[in-house]
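Trainee:
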Amino acid sequence: AQKITQTQPGMFVQEKEAVTLDCTYDTSDPSYGLFWYKQPSSGEMIFLIYQGSYDQQNATEGRYSLNFQKARKSANLVISASQLGDSAMYFCAMREGVTGNQFYFGTGTSLTVIP
Amino acid sequence: DTGVSQDPRHKITKRGQNVTFRCDPISEHNRLYWYRQTLGQGPEFLTYFQNEAQLEKSRLLSDRFSAERPKGSFSTLEIQRTEQGDSAMYLCASSRRTSGSYGQYFGPGTRLTVT
């Protein structure tokens, strides 16, 4: 089974609108961390936001927020007020265990912001 | 620039040749990771170092692949007898810890093309 599933290969959003990128995960470990990364066309992976499995509140970082629904095993990324520079690939990732050494990545979602 | 650096950025080689890539992590990060990313996929974990010790290796890392981090600082990834299937982006990442919100910080990658 896939550890991380991203079911949206491509998404479009109008500039200044909000967009939600879906991510579901699979683990039996009660302790895990969830991450979102952005990969622009230049290729470098940029760390955006983190959510711990025991965190009570959804994580937020500026225009990024993570909609964490533990029972559904989903960790969707919400980008508010989209900007043209948000156009990129977005990857959801998971680290299992308290000190897991391996990150599992999804296949990514390509986001295009339309002016 | 104090980010993760990788060298070379691009490498074209003929099948059967050996190649070596270098990664310089962020200086205060003692954890270093290698990933492989093919077109349309998320990064796949290859191996992990804590200081100079290689603590985890993926089954993806065949015996043609070897990684070292001799002094706990920079790391090298060598591929012997390259095959066309080795063509991919090789990403290096570093982190200070593996617990909590410490995400991995990625370098720009080395794109390998095997002809």
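Which chain is which? The protein sequence lines are A and B, in order.
If you read the first sequence in our numbering, its first letter stands for residue 120, the second for the next number, and so on.
If you read the second sequence in our numbering, its first letter stands for residue 466, the second for the next number, and so on.
Glycine residues also receive a C-beta, built at the ideal position from the N, C-alpha and C atoms.
This structure is a prediction, so every number in the text was calculated from the model and none was measured.
1. Output needed in chain order: residues of the stretch 137-169 of chain A with a Cβ under 8 Å from some Cβ in chain B.
2. Whose CA, out of B/555, B/554, B/568, B/479, lies closest to the CA of residue 214 of chain A?
3. For residue 145 of chain A and residue 120 of chain A, which I take to be in contact (beta-carbon distance under 8 Å), what is that distance rounded to the nearest angstrom?
4. Going along the chain, which residues of its own chain have a beta-carbon closer than 6 Å to the beta-carbon of residue 199 of chain A, five neighbours each way excluded?
5. Mind checking whether residue 156 of chain A and residue 190 of chain A have CB atoms under 8 Å apart?
6. Under a CB-based cut-off of 8 Å, is residue 510 of chain B close to chain A?
7. Near residue 131 of chain A, what residues of its chain come up, given a Cβ to Cβ distance below 7 Å and the 5 sequence neighbours on each side ignored?
8. Would you verify that the beta carbon of residue 131 of chain A is, or is not, closer than 8 Å to some beta carbon of chain B?
9. Thinking C-beta only, is residue 227 of chain A closer than 8 Å to residue 133 of chain A?
10. Do residue 184 of chain A and residue 135 of chain A have their CB atoms nearer than 8 Å?
11. Going by DSSP, what residues sit across from residue 214 of chain A in a beta bridge?
12. Can you have a look at residue 542 of chain B and say buried or exposed, based on whether 16 or more other CB atoms are within 10 angstroms of its CB?
13. On a CA-only basis, which of B/535, B/580, B/487, B/577 is nearest residue 558 of chain B? Give me that one, please.
14. Given this structure, state the Cα-to-Cα distance separating residue 483 of chain B from residue 578 of chain B, to the nearest angstrom.
15. With a CB to CB cut of under 7 Å and the five nearest residues on each side skipped, what residues in its chain are close to residue 223 of chain A?
16. Do we get a CB-CB distance below 8 Å when we pair residue 568 of chain B with the residues of chain A?
17. When DSSP labels each residue in this structure, what does residue 203 of chain A get in the three-state scheme?
18. First and last residue of the beta strand (DSSP E) that includes residue 187 of chain A?
19. Should residue 176 of chain A be flagged as near chain B, meaning a C-beta pair shorter than 8 Å?
20. Please state the DSSP three-state secondary structure of residue 550 of chain B.
21. Taking Cβ-Cβ distances shorter than 7 Å, what residues in chain A pair up with residue 504 of chain B?
22. List, in chain order, every chain B residue whose beta-carbon is nearer than 9 Å to that of residue 226 of chain A.
23. Sorted by chain position, which residues of the same chain lie with C-beta nearer than 6 Å to residue 485 of chain B's C-beta, five sequence neighbours on each side aside?
24. For residue 496 of chain B versus residue 525 of chain B, is the C-beta spacing smaller than 8 Å?
Mentor: If we stick to the structure as given:
1. 152, 154, 156, 161, 162, 163, 164, 165, 166, 169
2. It is B/568 whose Cα lies nearest to the Cα of residue 214 of chain A.
3. 5 Å
4. So the list reads 137, 182, once near-sequence residues are dropped.
5. Taking 8 Å as the cut-off, the Cβ atoms of residue 156 of chain A and residue 190 of chain A do not count as close.
6. yes
7. 231, 233
8. no
9. no
10. no
11. A/152, A/222
12. buried
13. The shortest Cα separation from residue 558 of chain B among B/535, B/580, B/487, B/577 belongs to B/487.
14. 12 Å
15. So the qualifying residues of the chain are 122, 123, 212, 213.
16. yes
17. helix
18. 183-188
19. So, not an interface residue.
20. helix
21. One finds nothing in chain A with a Cβ atom closer than 7 Å to the Cβ of residue 504 of chain B; even the nearest lies about 11 Å away.
22. Those within 9 Å of residue 226 of chain A in chain B are 505, 506, 507.
23. 541, 543
24. no
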